[in-house]
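**Student:** Protein chains in written order, with UniProt numbering: chain A, 1 to 348; chain B, 1 to 222. Let me give you the structure first, and then I'll get to my questions.
Take a look at the structure:
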């Protein structure tokens, strides 16, 4: 099919455009030239206008939220629930970290002396051990003392009483300066070479196990945090998507009369941030309620173990971080939803 | 102000909405665009508003080639053009005043200056006393006037109207056209798409006639 190219318009069209080549309105004096468009407003007034619109949208988005209290509350509650689980896990791990420090405190080496070593020799060996590099505090446990402790802890007084001589050697308990497993192994080897030392035991396996467990817990918390963070994005994104849909006509109109994408996006971003903020606040409330609900049985349980343990609580800094994160997530969810939908909205 | 050079517009690769359009509109002119429905009037206006790009040729409006306009510049381009729609596109959730103030709000005008201009525009269309009303409380003719006030409130150099009298009786239609003539008299370039032939023949302005997407006549005022 032959189409005329732009450089060779059809005859009729050419004739038409030639006839109107010098298009001047007639019938009246030549119209005055339109006033040149006022040059754009200065930077200062633009910034003020920007700030004004931000404030207006901050208030407007809050009003919209309040106008539909039940819907807003449900959205916030969904966000709060998504936030509570990782937050609670994080808190638990945080208190486990305190426990971890106590574990470090209790990481010790036990040096068993040869059975023939008497009390005086044992004291000299203790001094020698204490002088070794990497050794912190030391405590000598005599054979008799060891026996007494053993009997007490096993409740086997009678059985052991029957023994003619004490089968236990004297021992020295050492707090190493470094609780690093490698350093402790090295120290053990070093101490084993000393005269009068039979064996050095370091029971690291359970410390290691606890540590691995704590690491696992931290990873699980992180994964849950990321997962539930996505959950918050989806919840907010979906809510905002519906809001955009319900204001579609308005968006089309303002885009027709020259609104930028940023202008259209702004109220929705504030809505998202409000949802996130409200959700974070509710999550704090839920955490507080949960703490209150569990604190009595936990205290009773801890007391039965003779321990002084209470449930961890979010401090001001932690609460602020939670609120900031949830607000940011809400904002981000809104941004993703609006941006995706703006592309599909075209003024008719 | 408006230059169409060998403009063609196809939709979906087959339907040719506009073809071989050549015309110029000088600043300060008032032009009617006419033709049966489907002749391409709306397509032509949509090109000027940069809702679409031409598939061939060039459309230059106020010095901007609309095809090369960067998407981020489009909003600022549209602010130079006031548009009146047949269905006036008012927002029904806010008052007449806020509807008219919308373009100024978008431009970030200071509220006091904005209010002054909104009242001036409403005064011009004779609806100053209805500024607090909601659009649904107004008659069709009044709604169209609000649409016009919104189109002119930021003093655009170019005013477009798509069938602005489509739903109005002849008397109201003449009133509305009179308003457009007023704005034209103070220097605004006006282009009105209308199929109300009797009315526009009386008004004696330039008329562009379209048929099947082609310009079949360009009649100057008598």
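Even for Gly, the Cβ is constructed at its ideal location relative to N, Cα and C.
Any beta carbon from chain B within less than 7 Å of residue 260 of chain A's own beta carbon?
**Tutor:** Closer than 7 Å: yes.
**Student:** For a contact meaning CB atoms closer than 7 Å, what does residue 35 of chain B contact in chain A?
**Tutor:** Simply none; closest approach about 14 Å.
**Student:** Hey, which unbroken runs of the beta strand (DSSP E) at 3 residues or more fall wholly within the UniProt domain "FtsX extracellular" (109 to 200) of chain A?
**Tutor:** Entirely contained in the UniProt domain "FtsX extracellular" (109 to 200) of chain A, the beta strand (DSSP E) runs reaching 3 residues are, in chain order, 109 to 113, 135 to 141 and 171 to 176.
**Student:** Going along the chain, which unbroken runs of the beta strand (DSSP E) with 3 or more residues stay wholly within the region 133 to 196 of chain B?
**Tutor:** Qualifying beta strand (DSSP E) stretches, in chain order: 158 to 162 and 189 to 193.
**Student:** Kindly indicate which three-state DSSP category residue 65 of chain B falls into: helix, strand or coil?
**Tutor:** In this structure, residue 65 of chain B counts as strand in the three-state DSSP scheme.
**Student:** Going by alpha carbons, who is nearest to residue 63 of chain A out of A:326, A:274, A:222 and A:53?
**Tutor:** Closest by alpha carbon: A:274.
**Student:** So if I threshold CB-CB distances at 9 Å, which residues from the region 50 to 63 of chain A count as touching chain B?
**Tutor:** Taking 9 Å as the Cβ-Cβ cut-off against chain B, the residues of the region 50 to 63 of chain A that qualify are 50, 52, 53 and 56.
**Student:** Ordered along the chain, which non-local residues of its own chain (more than five positions away) have a Cβ less than 7 Å from that of residue 22 of chain A?
**Tutor:** Low per-residue confidence applies at residue 22 of chain A: pLDDT is 40, beneath 50, and the placement is therefore not dependable, though the value from the model is reported in the following sentence. Here the set comprises nothing.
**Student:** Taking one C-beta from the region 151 to 170 of chain B and one from the region 111 to 127 of chain B each time, how about it: are there three or more such pairs within less than 8 Å?
**Tutor:** With the cut-off at 8 Å, the region 151 to 170 of chain B and the region 111 to 127 of chain B touch.
**Student:** Consult DSSP for residue 315 of chain A and reduce its assignment to one of helix, strand or coil.
**Tutor:** Reduced to three states, the DSSP call for residue 315 of chain A is coil.
**Student:** Got a sec, what are the start and stop residues for the beta strand (DSSP E) residue 17 of chain B sits in?
**Tutor:** Segment 15 to 25, the beta strand (DSSP E) holding residue 17 of chain B.
**Student:** Considering only their Cβ atoms, is the gap separating residue 311 of chain A from residue 295 of chain A smaller than 7 Å?
**Tutor:** Against a cut-off of 7 Å, the Cβ pair of residue 311 of chain A and residue 295 of chain A comes out as a contact.
**Student:** What is the DSSP secondary structure of residue 115 of chain B, reduced to helix, strand or coil?
**Tutor:** Three-state result, residue 115 of chain B: helix.
**Student:** Could you pull the start and end residues of the beta strand (DSSP E) that residue 98 of chain B belongs to?
**Tutor:** Residue 98 of chain B -> not in any beta strand (DSSP E); alpha helix (DSSP H) instead, spanning 96 to 107.
**Student:** Is it buried or exposed for residue 68 of chain A, if we count other Cβ within 10 angstroms and need 16 for buried?
**Tutor:** Looking at its Cβ environment, which holds fewer than 16 other Cβ atoms inside 10 Å, residue 68 of chain A is exposed.
**Student:** Nearest-angstrom Cα distance between residue 199 of chain B and residue 233 of chain A?
**Tutor:** If I take the Cα positions, the gap works out to 56 Å.
**Student:** With a cut-off of 7 Å, does the C-beta of residue 401 of chain A fall near any C-beta of chain B?
**Tutor:** Because residue 401 of chain A is not part of the residues shown, which for chain A are 1 to 348, the question remains open.
**Student:** Can you find the residues in the same chain that come closer than 8 Å, C-beta to C-beta, to residue 84 of chain B, ignoring five residues on each side of it along the sequence?
**Tutor:** So the list reads 144, 147, 148, 151, 159, 160, 161, 162 and 164, once near-sequence residues are dropped.
**Student:** Less than 7 Å between the C-beta atoms of residue 57 of chain A and residue 270 of chain A, yes or no?
**Tutor:** Cβ atoms of residue 57 of chain A and residue 270 of chain A: closer than 7 Å.
**Student:** Can you pull the chain B residues whose beta carbon is under 8 Å from the beta carbon of residue 46 of chain A, in chain order?
**Tutor:** Those are 108, listed as they occur along chain B.
**Student:** By Cβ distance, which residues of its chain are closer than 8 Å to residue 168 of chain A, with the 5 residues on each side in sequence left out?
**Tutor:** Excluding sequence neighbours, residue 168 of chain A sits near 143, 146, 147 and 150.
**Student:** Given a cut-off of 7 Å on the beta-carbon distance, is the pair residue 189 of chain B and residue 1 of chain B in contact?
**Tutor:** Contact: yes.
**Student:** Just to make sure I have the definition right: I need the residues of chain A whose C-beta is within less than 8 Å of the C-beta of residue 103 of chain B. Which are they?
**Tutor:** Within chain A, the residues near residue 103 of chain B are 257 and 258.
**Student:** Judging by CA-CA distance, which residue of B:39, B:177 and B:68 is the nearest neighbour of residue 201 of chain B?
**Tutor:** Taking only the C-alpha atoms, the option nearest residue 201 of chain B is B:177.
**Student:** At a Cβ threshold of 7 Å, is residue 89 of chain B touching chain A?
**Tutor:** With 7 Å as the cut-off, residue 89 of chain B counts as an interface residue toward chain A.
**Student:** So which residues on chain B does residue 250 of chain A lean against when the C-beta distance must stay under 7 Å?
**Tutor:** Those are 91, listed as they occur along chain B.
**Student:** Which residue marks the beginning of the beta strand (DSSP E) containing residue 217 of chain B, and which one marks its end?
**Tutor:** Counting along the chain, the beta strand (DSSP E) containing residue 217 of chain B begins and ends at 214 to 219.
**Student:** Closest to residue 208 of chain A by C-alpha separation, out of A:320, A:107, A:95 and A:346, would be which residue?
**Tutor:** Among A:320, A:107, A:95 and A:346, the Cα nearest to that of residue 208 of chain A belongs to A:107.
**Student:** If I follow the unbroken alpha helix (DSSP H) through residue 395 of chain A, where does it start and stop?
**Tutor:** Outside the modelled stretch of chain A, which goes from 1 to 348, sits residue 395 of chain A, for which no answer is possible.
**Student:** Identify each residue in the UniProt domain "ABC3 transporter permease C-terminal" (224 to 340) of chain A for which the Cβ-Cβ distance to at least one residue of chain B is less than 7 Å, and report them in chain order.
**Tutor:** Within the UniProt domain "ABC3 transporter permease C-terminal" (224 to 340) of chain A, the residues whose Cβ lies closer than 7 Å to some Cβ of chain B are 250, 253, 254, 256, 257, 258, 259, 260 and 263, listed in chain order.
**Student:** Work out the CA separation of residue 55 of chain A and residue 4 of chain B for me, nearest whole Å.
**Tutor:** Looking at the two C-alpha atoms, the distance is approximately 43 Å.
**Student:** Would you identify the three-state DSSP class for residue 60 of chain B, choosing helix, strand or coil?
**Tutor:** Residue 60 of chain B falls in the strand class under three-state DSSP.
**Student:** Pull up the distance between the alpha-carbon of residue 79 of chain A and that of residue 94 of chain B, whole angstroms please.
**Tutor:** Using only the alpha carbons, I get a separation of about 32 Å.
**Student:** Per DSSP, what are the beta-bridge partners of residue 211 of chain B in this structure?
**Tutor:** Answer is B:214, bridged to residue 211 of chain B.
**Student:** Would you report the Cα separation of residue 6 of chain B and residue 262 of chain A, rounded to the nearest angstrom?
**Tutor:** Rounded to the nearest angstrom, the two C-alpha atoms are 35 Å apart.
**Student:** Counting only Cβ-Cβ distances shorter than 7 Å, please list the residues of the region 52 to 67 of chain B near chain A, keeping chain order.
**Tutor:** Cβ contacts with chain A come from 56 and 57.
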